[in-house]
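Colleague: Before anything else, here's the structure in question.
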Amino acid sequence: MNDDFSQLVTNYFKNDYRERGKIKWQGYFLSDHTALLNSDNEKRHQVNEKLPRMSLNDIKQTLDDAALSYSTVIVQQDQKGKDGQMADNIIGAVSGYSDRGVVVNQQHILFETIRAVRIQ
575 MNDDFSQLVT NYFKNDYRER GKIKWQGYFL SDHTALLNSD NEKRHQVNEK LPRMSLNDIK
635 QTLDDAALSY STVIVQQDQK GKDGQMADNI IGAVSGYSDR GVVVNQQHIL FETIRAVRIQ
């Protein structure tokens, strides 16, 4: 009887048993990861505080420093949205310049609209 049971168990694990653990944990990871990314995105774009206004030279110097050190910057614009609130902060790496502005996070921002820049 012991050999029959052993054969039955061995046969079950070879042919019938389906491990769902990996699939189950991937599902947990996906939902937790998505929730974390969503909350991080909301936090990154919220205007927590109004940064003190910087001069154009200080803005350019801070952007140059960030570009040279490959740092992430927070750019706060001096514009208001349709609801009267300040525009969302733009966060990312400095990826280029033009004669009138800077490119951060694939968005061209005019120097005249920038209120302040902070290296993150």
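Counting in my numbering, the sequence shown runs from 575 upward without gaps.
Ideal Cβ placement from N, Cα and C applies to all residues, glycine included.
By a C-beta neighbour count over all protein chains shown, 10 Å radius and 16 as the cutoff for buried, is Q694 buried or exposed?
Modeller: The residue you call residue 694 lines up with position 120 of the sequence shown. Burial call: exposed.
Colleague: Would DSSP call L630 helix, strand or coil?
Modeller: For the purposes of this step, residue 630 is taken as residue 56 along the sequence shown, with counting starting at 1. Residue state, collapsed to three classes: helix.
Colleague: Could you tell me which residues DSSP pairs with Y644 in its beta bridges?
Modeller: Residue 644 sits at position 70 when you count from the first residue of the sequence shown. According to DSSP, which records beta bridges pairwise, Y644 is partnered with nothing at all.
Colleague: Rounded to whole angstroms, what's the CA-CA distance from T636 to R692? Just pull it up for me.
Modeller: Numbered from its first residue, the sequence shown carries residue 636 at position 62. Numbered from its first residue, the sequence shown carries residue 692 at position 118. Roughly 7 Å between the two C-alpha positions.
Colleague: Indicate the three-state DSSP secondary structure (helix, strand or coil) for S669 in the structure shown.
Modeller: The count along the sequence shown starts at 1 and reaches residue 669 at position 95. Correct three-state label for S669: strand.
Colleague: Below 8 Å, how does it come out for the region 662-677 and the region 638-648: are there three or more Cβ pairs, yes or no?
Modeller: Yes, since at least three Cβ pairs between the region 662-677 and the region 638-648 fall closer than 8 Å, the two stretches touch.
Colleague: Taking the alpha-carbon positions, what's the I683 to T608 distance?
Modeller: Locating residue 683 in the sequence shown gives position 109, counting from the first residue. Locating residue 608 in the sequence shown gives position 34, counting from the first residue. Cα to Cα, I683 sits roughly 29 Å from T608.
Colleague: Is it buried or exposed for V583, if we count other Cβ within 10 angstroms and need 16 for buried?
Modeller: By 1-based counting over the sequence shown, the position of residue 583 is 9. So V583 ends up on the exposed side.
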